[in-house]
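Student: In our numbering, the protein residues as written are 113 to 529. Before I ask anything, here is the structure I am working with.
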Ligand SMILES: [Zn+2]
Ligand SMILES: [Zn+2]
Ligand SMILES: [Zn+2]
Ligand SMILES: [Zn+2]
């Protein structure tokens with residue numbers, strides 16, 4: 113029996129059984145019921161993390177690992193047709209009816225069978241009043257209603273991503289290479305969850321005027337006041353004149369930056385603000401938003417600058433290989449380091465909207481601690497990648513390992529929906 117999924121006319125949206133129904137939205141909100149359990153002493157907690165890094169095989173666990181398949185238009189049609197035919201046979205109804213039932217239940221066959229069995233009293237699923245007026249659907253509607261399928265958001269891309277277990281995870285289209293979150297089809301956003309990233313991106317778009325003045329490419333050296341331009345991704349700056357090491361973000365001395373961990377990335381809220389005037393509260397809210405936005409934006413810029421570093425590394429390797437200074441395999445670790453740096457910084461960028469919306473409390477404290485640890489190791493890695501010639505391969509690889517472990521630790525504890 114053949115089921116045509118794409119021949120429906122454009123009057124297909126008479127009823128919306130789309131994938132974004134209320135019940136689905138609720139699943140996404142994993143963040144709201146977060147418990148503020150006491151993480152205990154942060155230093156103690158961190159002891160454990162540090163020993164994890166040493167542990168053999170700690171590498172094998174990646175909290176972002178996710179299985180998915182890229183289906184062509186034909187393949188996804190086949191998947192849908194098979195399910196329609198199966199359900200039609202099981203419920204003893206026409207394929208057209210099975211399609212409606214499937215769309216209504218987001219193609220969760222087990223759910224349909226449960227309902228069918230419990231209602232097996234002569235009435236049956238198919239005669240429910242829900243299906244009296246039969247809406248007509250397009251192929252796109254079928255895919256969108258399916259809990260395990262998602263259309264690639266790439267421009268005019270026909271690829272459909274298929275997963276076993278739908279989650280807010282990173283998937284990549286094999287055709288147009290678009291990377292996105294399986295659940296919400298936006299830019300991938302771990303550790304932030306889907307509703308929160310939507311809220312944050314909307315806020316950034318609404319407040320773009322306010323935030324514009326922030327994008328400074330130059331700052332003055334906090335020691336000798338010479339104007340310094342930032343042309344690399346690393347936020348550990350060194351003044352070309354007085355050699356002072358400082359942080360681009362907070363202008364703090366780099367020597368103490370590592371030990372005063374979250375002073376740079378953590379926003380210190382004013383605890384007395386509730387007792388102050390509305391105006392003061394509005395000013396405080398704006399200050400807080402700009403603090404997070406500035407860091408979000410700065411890491412985004414660093415990502416772009418580090419992409420240029422990656423290009424330069426590629427060219428350098430090419431040049432060395434051409435001049436018989438080793439093979440590609442000998443130099444590939446440089447490329448891997450730059451790739452890992454991008455992956456870590458991407459996660460770091462998305463920790464800022466997460467922290468912005470987080471309620472104060474011990475859990476936020478732990479989050480900020482881990483965020484600062486990740487940030488410190490990423491800047492160390494970026495510093496070494498930009499100066500790869502001055503560092504041993506082992507040194508660079510060790511730094512990669514530490515940064516990746518910090519990233520995984522943060523995601524393990526804070527990214528799960
Ligand atoms: Zn695509
Ligand atoms: Zn998402
Ligand atoms: Zn200086
Ligand atoms: Zn800083």
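Where a beta carbon is used, it is the ideal one built from N, C-alpha and C, also for glycine. Fair warning: this is a prediction, and the values are worked out from it, not measured in the lab.
Quick check: what's the CA-CA separation for residue 456 versus residue 227?
Tutor: The residue labelled residue 456 in the question sits at position 344 within the chain shown. The residue labelled residue 227 in the question sits at position 115 within the chain shown. Rounded to the nearest angstrom, the two C-alpha atoms are 45 Å apart.
Student: Assign residue 307 to buried or exposed, taking buried as 16 or more other Cβ atoms, counted over all protein chains shown, within 10 Å of its Cβ.
Tutor: Along the chain shown, one-based indexing puts residue 307 at 195. With 16 or more other Cβ atoms within 10 Å, it is buried.
Student: Any residue with its C-beta under 6 Å from a non-hydrogen atom of ligand 1 counts. Can you list them all in chain order?
Tutor: 264, 266, 269, 271, 285, 287, 288, 290
Student: Residues near ligand 4, CB to any non-hydrogen atom under 6 Å, in chain order?
Tutor: 359, 361, 362, 364, 369, 376
Student: What did DSSP end up calling residue 358 once you bin it into helix, strand or coil?
Tutor: Counting from one through the chain shown, the residue named residue 358 turns up at place 246. The answer is strand: DSSP assigns residue 358 an E or B state.
Student: For residue 468, tell me which candidate among 392, 436, 377 has the shortest Cα-Cα distance.
Tutor: Stepping through the chain shown from its first residue, residue 468 is reached at position 356. Of the listed residues, the one whose Cα sits closest to residue 468 is 377.
Student: On the DSSP bridge list, what partners appear for residue 282?
Tutor: Residue numbering aside, residue 282 sits at position 170 when the chain shown is read from its first letter. Answer is 293.
Student: DSSP three-state label for residue 144, please.
Tutor: In the chain shown, the residue the question calls residue 144 occupies position 32. Legend: pLDDT at residue 144 = 41, less than 50; position of this residue unreliable, no value from coordinates given.
Student: Ligand 2 and residue 280: does any heavy atom of the ligand fall closer than 7 Å to the residue's C-beta?
Tutor: As a working note, residue 280 is residue 168 in the chain shown. Proximity of the beta carbon of residue 280 to ligand 2 is indicated: a heavy atom of the ligand is located closer than 7 Å.
Student: Using only the alpha-carbon positions, how far apart do residue 435 and residue 422 sit?
Tutor: One-based indexing of the chain shown puts residue 435 at position 323. One-based indexing of the chain shown puts residue 422 at position 310. Roughly 20 Å between the two C-alpha positions.
Student: Taking the alpha carbon of residue 380 as the reference point, which residue from 402, 391, 367, 366 has its own alpha carbon closest?
Tutor: Numbered from its first residue, the chain shown carries residue 380 at position 268. Considering only alpha carbons, the answer is 402.
Student: Where does residue 253 sit, in a helix, a strand or coil, going by DSSP?
Tutor: In the chain shown, the residue the question calls residue 253 occupies position 141. Residue 253: helix per DSSP, three-state reduction.
Student: Report whether the distance from the Cβ of residue 260 to the nearest heavy atom of ligand 2 is below 7 Å.
Tutor: As a working mapping, residue 260 is identified with position 148 in the chain shown. For ligand 2, not one heavy atom lies less than 7 Å from the Cβ of residue 260.
Student: Could you name the residues of the same chain whose beta carbon sits closer than 6 Å to that of residue 350, not counting the 5 residues immediately before and after it, in chain order?
Tutor: Against the chain shown, residue 350 aligns to sequence position 238. Same-chain partners within the cutoff: 357.
Student: Can you grab the Cα-Cα spacing for the pair residue 522 / residue 459, in whole Å?
Tutor: Numbered from its first residue, the chain shown carries residue 522 at position 410. Numbered from its first residue, the chain shown carries residue 459 at position 347. So the alpha carbons of these two residues sit roughly 9 Å apart.
Student: Any heavy atom of ligand 3 within a distance shorter than 7 Å of the CB on residue 273?
Tutor: Numbered from 1 along the chain shown, position 161 holds the residue referred to as residue 273. Exclusion of residue 273 from the 7 Å shell around ligand 3 follows from its C-beta lying no nearer than that to any non-hydrogen atom of the ligand.
Student: I'd like to check one pair, residue 445 with residue 505: are the Cβ atoms closer than 8 Å?
Tutor: Counting from 1 along the chain shown, the entry for residue 505 is found at position 393. Counting from 1 along the chain shown, the entry for residue 445 is found at position 333. Yes; because the gap between Cβ atoms is below 8 Å, this pair is in contact.
Student: May I ask you to check if the CB of residue 295 is nearer than 7 Å to at least one heavy atom of ligand 2?
Tutor: Locating residue 295 in the chain shown gives position 183, counting from the first residue. For ligand 2, at least one heavy atom lies less than 7 Å from the Cβ of residue 295.
Student: Rounded to the nearest angstrom, what separates residue 185 and residue 212 at their Cα positions?
Tutor: Mapped onto the chain shown, residue 185 falls at position 73. Mapped onto the chain shown, residue 212 falls at position 100. Taking the straight line from one Cα to the other gives about 21 Å.
Student: What are the residues that DSSP puts in a beta bridge with residue 330?
Tutor: As a first step, residue 330 must be located in the chain shown, where it is residue number 218. 341.
Student: If you measure between the beta carbons of residue 452 and residue 361, is that distance less than 8 Å?
Tutor: Mapped onto the chain shown, residue 452 falls at position 340. Mapped onto the chain shown, residue 361 falls at position 249. Contact: no.
Student: Mind checking whether residue 520 and residue 175 have CB atoms under 8 Å apart?
Tutor: Against the chain shown, residue 520 aligns to sequence position 408. Against the chain shown, residue 175 aligns to sequence position 63. Yes, these two residues count as a Cβ contact at 8 Å.
Student: Between the beta-carbon of residue 199 and the beta-carbon of residue 224, is there less than 8 Å?
Tutor: Taking the chain shown and counting its residues from 1, one reaches residue 199 at position 87. Taking the chain shown and counting its residues from 1, one reaches residue 224 at position 112. In this structure, residue 224 lies closer than 8 Å to residue 199 by Cβ.
Student: Should residue 348 be counted as a contact of ligand 3 given a C-beta to heavy atom distance under 7 Å?
Tutor: Numbered from its first residue, the chain shown carries residue 348 at position 236. Not a single heavy atom of ligand 3 lies less than 7 Å from the C-beta of residue 348.
Student: Going by the CB atoms, is the gap between residue 493 and residue 518 shorter than 8 Å?
Tutor: Translated into positions along the chain shown, residue 518 becomes position 406. Translated into positions along the chain shown, residue 493 becomes position 381. No. Outside cutoff.
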